[in-house]
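Notes for the one structure printed next.
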Amino acid sequence: MNRMEAEFSNLVKAYRKKHMGKGPERVMTTFCKCWAICEMAGNLSPVEKFIAKTGDGRQMLRTARTEMVKEIYKEHPPVEMEELLGAKFVKLFVDIDIELDEGMSVFVFDQDLEKKFCR
């Protein structure tokens, strides 16, 4: 992970904490073409871990941690991320494994981040 990927990881943690109440404990970002791919661990709060003890709870959390997260980014565009990268945020893909407490987010930007920062 280069310096810009590390800075992006820090912004993701801060954004999630600000807008969701808790950010991931660890984020590792990789730039690939126009994507910022973030692997995240330690996403769930203690209350969410309790809710995840049942099948219905895991499904509810998965929905909240995927669909609702995408809505938050639509409502609150990640301006700090755009400023850091000098690129416009286009969309977000999100998935999480509730049982492992590991997630992935793929941020799509309007420029090739790999060419811009990794060469």
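Add 5 to the 1-based position in the sequence shown for the numbering used here, that's all there is to it.
Ideal Cβ placement from N, Cα and C applies to all residues, glycine included.
Straight-line CA distance for Tyr20 to Pro83?
To locate residue 20, count along the sequence shown from 1; it is residue 15. To locate residue 83, count along the sequence shown from 1; it is residue 78. About 8 Å.
Could you name the residues of the same chain whose beta carbon sits closer than 6 Å to that of Gly62, not counting the 5 residues immediately before and after it, in chain order?
Sequence index remark: in the sequence shown, residue 62 carries index 57 (1-based). Taken in chain order, the residues that qualify are Ile56.
Does Gly108 pass the burial test, meaning 16 or more other C-beta atoms within 10 Å, or should it be called exposed?
Position 103 of the sequence shown, counting from 1, holds the residue named residue 108. Gly108 should be labelled buried.
Would you identify the three-state DSSP class for Glu104, choosing helix, strand or coil?
Taking the sequence shown and counting its residues from 1, one reaches residue 104 at position 99. In this structure, Glu104 counts as coil in the three-state DSSP scheme.
Residue span of the alpha helix (DSSP H) that contains Ala57, given as start and end
To locate residue 57, count along the sequence shown from 1; it is residue 52. Unbroken run through Ala57: none, as it is neither H nor E.
Which value, in whole angstroms, describes the spacing of the CA atoms of Arg124 and Met65?
As a working mapping, residue 124 is identified with position 119 in the sequence shown. As a working mapping, residue 65 is identified with position 60 in the sequence shown. C-alpha separation (whole angstroms): 41 Å.
In the DSSP output, which residue or residues are listed as bridge partners for Met33?
Along the sequence shown, one-based indexing puts residue 33 at 28. DSSP output for Met33 lists Glu44 as bridge partner(s).
Mind checking Glu76: buried by the 16 CB within 10 Å criterion, or exposed?
Sequence index remark: in the sequence shown, residue 76 carries index 71 (1-based). Per the 10 Å Cβ criterion, exposed.
Inter-residue spacing [alpha-carbon to alpha-carbon] between Leu118 and Phe98:
On the sequence shown, position 113 is the one that residue 118 refers to. On the sequence shown, position 93 is the one that residue 98 refers to. Roughly 17 Å separates the two Cα atoms.
From the DSSP output, in three-state form, read off Met86 for me.
By 1-based counting over the sequence shown, the position of residue 86 is 81. Met86 falls in the helix class under three-state DSSP.
Compute the Euclidean distance between the alpha carbons of Glu85 and Glu12, then round it to the nearest angstrom.
Within the sequence shown, the letter at position 80 stands for residue 85. Within the sequence shown, the letter at position 7 stands for residue 12. Going from the Cα of Glu85 to the Cα of Glu12 covers about 11 Å.
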